[in-house]
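In the working numbering, the protein residues as written are 4 to 297.
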């Protein structure tokens, strides 16, 4: 069975407390694996163990900048990531890991051929490095672009791990977005390719606006992310449904990822998982085809 929990029910390395800021969904059975979080890519880890520095997690932040995101949302999203990285809770979670540091890269995405790296691979190991990354995020001009290709973002992210000079116990792609895939290859193909490489994909579906035909929003974007986007051991979704909780939800997700935690205490049962996705994984492509015929 699949579960939702409120953020107030999640404990992340003893540092997270608060009210209901968003829904956190644990992975569906079809996205669970028997391997443990600490055993990602054992061949690569053993080969690289002595040759490269070690971090607790290699974290890719893949951020949606498609036109369906309004300028206010884009600004709040930027501020949310920057503020989360320098927060006291984040720095405490950082120190809870065996190495006390992570490697992070941050890129923005829209269409399948449109990805822009804002922060190349950096190590965050304390307040100074966290401040440097946050400042660089904030000083980059905000942009918007056409189409939404989650598959393109995943395909762009995967080889970035090979370029990272640091090797982590875990490899995570963190995807935020406010709509389904409507460009590039099918999202499930990209997702499955990442899972085969031992990569975990977590999701931040943004649902602060009423679904609109003009923006290609859909109902139940959280279900779409759960069934079609996330995957790998411990994968989870944090859903943002309240604009006022936007930044807090981003911080919650980063805390969970840095501490290597998933929701531990299910409190509200959701729909039981089935073999078929609750929302078609090709719904975005279908809407685009019905509207523009291409």
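Glycine included, C-beta positions come from ideal geometry on N, C-alpha and C.
With a Cβ-Cβ cutoff of 9 Å, do residue i and residue j count as a contact?
| i | j | result |
| --- | --- | --- |
| residue 182 | residue 69 | yes |
| residue 249 | residue 209 | yes |
| residue 281 | residue 213 | no |
| residue 261 | residue 85 | no |
| residue 105 | residue 62 | yes |
| residue 115 | residue 186 | yes |
| residue 108 | residue 123 | yes |
| residue 179 | residue 66 | yes |
| residue 211 | residue 246 | yes |
Kindly indicate which three-state DSSP category residue i falls into: helix, strand or coil?
| i | result |
| --- | --- |
| residue 151 | coil |
| residue 70 | coil |
| residue 31 | Unreliable positioning characterises residue 31 in this predicted model, as indicated by a pLDDT of 47, which lies under 50. A coordinate reading is not provided. |
| residue 241 | strand |
| residue 213 | coil |
| residue 281 | coil |
| residue 119 | strand |
| residue 264 | coil |
| residue 220 | coil |
| residue 234 | strand |
| residue 4 | Any reading at residue 4 needs caution, since the residue's pLDDT is 32, under 50, leaving its predicted position unreliable; the model's value is listed next. Here residue 4 sits in coil by DSSP. |
| residue 51 | Residue confidence for residue 51 is low, a pLDDT of 48 falling below 50, so the modelled location carries little weight; the figure read from the coordinates is stated next. Residue 51 falls in the helix class under three-state DSSP. |
| residue 145 | coil |
| residue 75 | helix |
Between the options, which lies nearest to residue i when the distance is taken from Cα to Cα?
| i | options | result |
| --- | --- | --- |
| residue 235 | 120, 202, 137 and 244 | 202 |
| residue 57 | 256, 294 and 167 | 167 |
| residue 233 | 257, 223 and 195 | 195 |
| residue 279 | 81, 226, 245 and 294 | 226 |
| residue 198 | 170, 169, 223 and 160 | 160 |
| residue 100 | 91, 127, 88 and 59 | 59 |
| residue 126 | 145, 110, 118 and 102 | 102 |
| residue 140 | 147, 242 and 88 | 88 |
| residue 263 | 75, 138, 173 and 243 | 173 |
| residue 158 | 149, 192, 294 and 231 | 192 |
| residue 78 | 257, 285, 94 and 111 | 111 |
| residue 132 | 90, 150, 171 and 163 | 90 |
Starting from residue i, trace the beta strand (DSSP E) both ways and give me its first and last residue.
| i | result |
| --- | --- |
| residue 203 | 203-208 |
| residue 108 | 105-112 |
| residue 177 | 170-180 |
At which residues does the alpha helix (DSSP H) containing residue i begin and terminate?
| i | result |
| --- | --- |
| residue 194 | 190-199 |
| residue 91 | 91-98 |
| residue 294 | 286-295 |
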